[in-house]
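Read through the structure below, which is laid out as structure tokens, and then see the notes.
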Amino acid sequence: MGKAENSITRAVMAYLTMHGGHVVRVQSGSFAVGTAYVRGAEPGTADLIGVFRGRAIAVEVKTPKGKQSPSQIAWSERWRASGGIYLVARGIDDVQGLLELRQDRKSTR
């Protein structure tokens, strides 16, 4: 993850936390720690996973020109099929819809 994505990730985490959510950063794939390789979450796992207003959410963070890999697309389809909310966030604007989604549900009950 580059500097631009790190900045977006921090902003999205802060926004969701500020609005009552709880998310954690997930390290997927394999990475080196000294001379050892560590296996993180399965390839394609979203960058952020958590709970927002009672719903399981997964957020893949991308720069404005970033594209999802095939493993990310497959993972997102499994997450959604299991009932979770999945979104690609290129900035705060993309997660603001979660607030609107929840508010719309409350108004229709």
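Count along the sequence shown from 1, add 1062, and you get the number used in my numbering.
Glycine is no exception: its CB is placed at the ideal position from the N, C-alpha and C atoms.
Quantities reported herein were computed from a predicted structural model and do not represent experimental measurements.
Legend entry - With 16 other Cβ atoms within 10 Å as the buried cut-off, status of Y1148: buried
Legend entry - Straight-line gap, K1127 to V1150 (C-alpha atoms, nearest Å): 12 Å
Inset, instruction - Round the Cβ separation of G1146 and A1118 to the nearest angstrom and send it over; I've been treating them as touching at under 8 Å. - result: 4 Å
Legend entry - C-alpha distance - R1101 paired with W1137, whole-angstrom precision: 17 Å
Legend entry - Close beta carbons around V1086, own chain, < 8 Å, minus the five adjacent residues each side: L1110, I1111, G1112
Legend entry - Separation of S1090 from G1096, as counted between CA atoms: 18 Å
Inset, instruction - Using alpha carbons as the reference points, say which of G1153, T1107, V1088 lies closest to E1139. - result: It is T1107 whose Cα lies nearest to the Cα of E1139.
Inset, instruction - Determine whether the Cβ of A1136 lies closer than 8 Å to any Cβ atom of chain D. - result: Note that chain D does not occur in the displayed structure, where there is just one protein chain.
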